Amino acid sequence: MGQTLAEKILERHTDTAVDGPGQIVRCRISLALANDITAPLAIKSLRAMGVTRVFDPQRVVLVCDHFTPNKDIDSAEQVKTVREFARQMGIVHYYEGGDVGVEHALLPELGLVGPGDVVVGADSHTCTYGGLGAFATGLGSTDVAAAMALGETWFKVPATIRVDITGMVPPYVGAKDFILEVIGRIGVAGALYQALEFAGPVVEAMSVEGRMTMANMAIEAGAKAGLFAADSATLAYTEAHGRQGDSPIAPDADAQYARRLSIDATGMSPRVACPHLPENVRPVEEVAGIPVDQVVIGSCTNGRIEDLRAAAHVLRGQRVAKGVRLIILPASPKAYRQALDEGLLATFLDAGAVVGPPTCGPCLGGHMGILAAGERCIATTNRNFRGRMGSLDSEVYLASPAVAAASAVAGTIIHPAQVAA
Amino acid sequence: MVVTGTVHLVGDHIDTDAIIPARFLVTTDPQELGKHCMEGLTPGWVQRVQRGDILVAGENFGCGSSREHAPLAILGAGIPVVLAKSFARIFYRNGFNMGLPLLELGEAVDTIADGHRLTVDVTQGVVENHSTGAQIHVQPVPAFMLEMLQAGGLVGYVRQRLGGGA
Ligand code: SF4
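These protein sequences, in sequence, are chains L and V.
Residues in the first sequence are numbered consecutively from 3, following our numbering.
Residues in the second sequence are numbered consecutively from -1, following our numbering.
What follows is the structure, given as structure tokens:
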């Protein structure tokens, strides 16, 4: 019987044969990750375990990205704890300051994740690396602590929902719109305990960055992982980011799926998720005209160079509407530098945007763009739960960089085609 | 591991806020948390529970946040095992990690009623219902997870493995 991507990858990391969903397997991990919020808890568990060294100082990654640059004394203390732990354990991949980016944008750019890897992270958006063909998932802090100590963890093999995307992709429609469409259709618990596997001609033609945008939001449908086959585009990407020896991986043609979904891109318009759940998805036309106070472009979902290019394409020669704050946060130092070299930052500044450093910042209501009661934001982030970006009485709409940028110019939610020259 | 106790039945989609509301998260002591177990569902719920009683739930038990306090509260209430149609993913992990065994019974949960007397053999994956005479067989808990339970959870398990020169 054929295997899904999830089954195939897990089997490579365990000593038993994987015969199907429900089976519990013990897997060697490729990488364990934690951030400035979750690492302190994991460190506490590691101490309780009596751990004096991590399984491999090269394969534990600590990224202090959530409140960077440290926004207050508490966050500075948390980072200090993580920094001292990293020094003590000789952890090579510790990031803060000018080296830091939003973890899930940073790791692929540093070449730390490749196809076929198993990655666990104390952060729910660890699933992003599925865009590279890695089985990657979020866990609790104690689970990640154990993985850091032992170099292994257990998984229940998930059933898989297969999503095929076909058709002709219209302008201003892309990865973010497809994943919002999936979440809108199956709901925030639609893939609970399961893996999502994306395929079809549109996915094959999609950039690796786009695939990571889609995999990133698998968790918003309750999924354990969001997976893409690793093809020549993936290998070109990982090689360009300093990796060698990666090989392709694909599901078997006769793999067993719990459910199949297909999306026809032909004639599709950009999607927007309305407050207060990522499943409240509408075509942009249906929400056009809703005024916004703030626009955020960034995060582990849409803060990569391609996203910045898409935003700049819309903003070139335009001005942000009066009274609207446009906040652009490149998600990694590399994306920031590249945006500078390509002149994108000048475009942003000329349009009247605030360009900030790589940080999670407003995505989780941390800092650098918090909403007051009654304010409304359209953001390229991944969650629009009540109060996620500030006041319990504020609202967040989720969309692609093109839709967000266009809405900043119009001052209301709008289809990018109506703004771009 | 075999336990015998009286069933306390709860419904589908019981979330971690129902199991232990956020206002009680100021401690990680199971005894303290146990006093408020299921308080988000029914205030005073824990008062009807005897040490050794068994919690039986519907679908998606433990959905919501990844708080490790939820399985701790159940253990603190004196409940040694939870049976459900299905568990939410992170709760399922956290249960075993905190030393609380969980068995997925699927539709067989519908044959169990509040107040039934059960004997649960976690190692063999057998549930005996003394009130109906029925026997339910499920996939047994894998050996390494039993080891983890015997060590009192993940922290103890890792301590042991490292102490054993692993
Ligand atoms: S950008 Fe937002 S979703 Fe991504 S890791 Fe940071 S806080 Fe989490």
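Just so you know, even glycine gets a beta-carbon here, dropped at the ideal spot from N, CA and C.
Please read all numbers here as calculations on a predicted model, not as lab measurements.
C-beta neighbour in chain L for residue i, strict 8 angstroms
{"i": "residue 163/V", "result": "Low local confidence applies: a pLDDT of 44 at residue 163/V is under 50, so the model's placement there is unreliable, with the coordinate-based value given in what follows. It does not; no Cβ of chain L falls within 8 angstroms."}
{"i": "residue 88/V", "result": "yes"}
{"i": "residue 69/V", "result": "no"}
{"i": "residue 140/V", "result": "yes"}
{"i": "residue 159/V", "result": "yes"}
{"i": "residue 103/V", "result": "no"}
{"i": "residue 58/V", "result": "yes"}
{"i": "residue 153/V", "result": "yes"}
{"i": "residue 156/V", "result": "yes"}
{"i": "residue 145/V", "result": "no"}
{"i": "residue 38/V", "result": "no"}
{"i": "residue 21/V", "result": "no"}
{"i": "residue 0/V", "result": "no"}
{"i": "residue 126/V", "result": "no"}
Simplified DSSP assignment, three categories, for residue i
{"i": "residue 382/L", "result": "coil"}
{"i": "residue 227/L", "result": "strand"}
{"i": "residue 296/L", "result": "strand"}
{"i": "residue 343/L", "result": "helix"}
{"i": "residue 108/V", "result": "helix"}
{"i": "residue 96/L", "result": "strand"}
{"i": "residue 154/V", "result": "helix"}
{"i": "residue 39/V", "result": "coil"}
{"i": "residue 66/V", "result": "coil"}
{"i": "residue 157/L", "result": "strand"}
{"i": "residue 399/L", "result": "strand"}
{"i": "residue 330/L", "result": "strand"}
{"i": "residue 163/V", "result": "A caution first: residue 163/V carries a pLDDT of 44, below 50, which makes its placement in the model unreliable, though a value can still be read off. Residue 163/V: coil per DSSP, three-state reduction."}
{"i": "residue 284/L", "result": "strand"}
{"i": "residue 404/L", "result": "helix"}
{"i": "residue 276/L", "result": "coil"}
{"i": "residue 137/L", "result": "strand"}
{"i": "residue 97/V", "result": "coil"}
{"i": "residue 26/L", "result": "strand"}
{"i": "residue 74/V", "result": "helix"}
{"i": "residue 103/V", "result": "coil"}
Minimum Cβ-Cβ distance from residue i to chain V less than 8 angstroms
{"i": "residue 325/L", "result": "no"}
{"i": "residue 349/L", "result": "no"}
{"i": "residue 152/L", "result": "yes"}
{"i": "residue 144/L", "result": "yes"}
{"i": "residue 260/L", "result": "no"}
{"i": "residue 366/L", "result": "no"}
Beta-carbon separation (whole angstroms), residue i vs residue j, contact threshold 8 angstroms
{"i": "residue 31/L", "j": "residue 155/L", "result": "6 angstroms"}
{"i": "residue 227/L", "j": "residue 146/L", "result": "Incorrect: roughly 16 angstroms between the Cβ atoms, too far for contact."}
{"i": "residue 327/L", "j": "residue 295/L", "result": "7 angstroms"}
{"i": "residue 184/L", "j": "residue 267/L", "result": "Not quite, the Cβ-Cβ distance comes to about 12 angstroms (not below 8 angstroms), so this is no contact."}
{"i": "residue 310/L", "j": "residue 332/L", "result": "6 angstroms"}
{"i": "residue 260/L", "j": "residue 163/L", "result": "6 angstroms"}
{"i": "residue 117/L", "j": "residue 264/L", "result": "25 angstroms between Cβ atoms; not a contact."}
{"i": "residue 236/L", "j": "residue 203/L", "result": "Their Cβ separation, rounded to whole angstroms, is 16 angstroms, which puts residue 236/L and residue 203/L out of contact at 8 angstroms."}
Proximal residues to residue i (C-beta, below 8 angstroms), its chain only, five neighbours per side dropped
{"i": "residue 51/V", "result": "3, 4, 5, 6, 76, 77"}
{"i": "residue 23/V", "result": "65, 67"}
{"i": "residue 396/L", "result": "373, 374, 375, 376, 377, 378, 379, 389"}
{"i": "residue 85/L", "result": "66, 96, 98"}
Residue i - partner residues in DSSP beta bridges
{"i": "residue 262/L", "result": "164/L"}
{"i": "residue 37/L", "result": "65/L"}
{"i": "residue 55/V", "result": "82/V"}
{"i": "residue 29/V", "result": "None; residue 29/V has no bridge partner."}
{"i": "residue 109/L", "result": "BP columns for residue 109/L are empty, so no partner."}
{"i": "residue 126/V", "result": "117/V, 133/V"}
{"i": "residue 61/V", "result": "13/V"}
{"i": "residue 1/V", "result": "118/V"}
Own chain partners of residue i with C-beta closer than 7 angstroms, once the 5 adjacent residues on each side are dropped
{"i": "residue 39/V", "result": "8, 12, 16"}
{"i": "residue 394/L", "result": "388"}
{"i": "residue 218/L", "result": "106, 127, 129, 130, 302, 303, 384"}
{"i": "residue 164/V", "result": "Reliability of the predicted coordinates at residue 164/V is poor, the pLDDT of 41 falling under 50, and the value obtained from them is presented with this limitation in mind. Result list for residue 164/V: empty, nothing under 7 angstroms."}
{"i": "residue 104/V", "result": "83"}
Sequence-distant residues of its chain with Cβ nearer than 6 angstroms to residue i (five each side left out)
{"i": "residue 32/V", "result": "71, 74, 75"}
{"i": "residue 367/L", "result": "390, 391, 392"}
{"i": "residue 189/L", "result": "281"}
{"i": "residue 56/L", "result": "62, 91, 150"}
{"i": "residue 109/L", "result": "115"}
{"i": "residue 53/V", "result": "6, 77, 80"}
{"i": "residue 89/V", "result": "60"}
{"i": "residue 106/V", "result": "134"}
Distance cut 5 angstroms, beta-carbon to ligand 3 heavy atom: residue list by chain order:
Of the ligands one can find in the structure shown, namely ligand 1, none is ligand 3.
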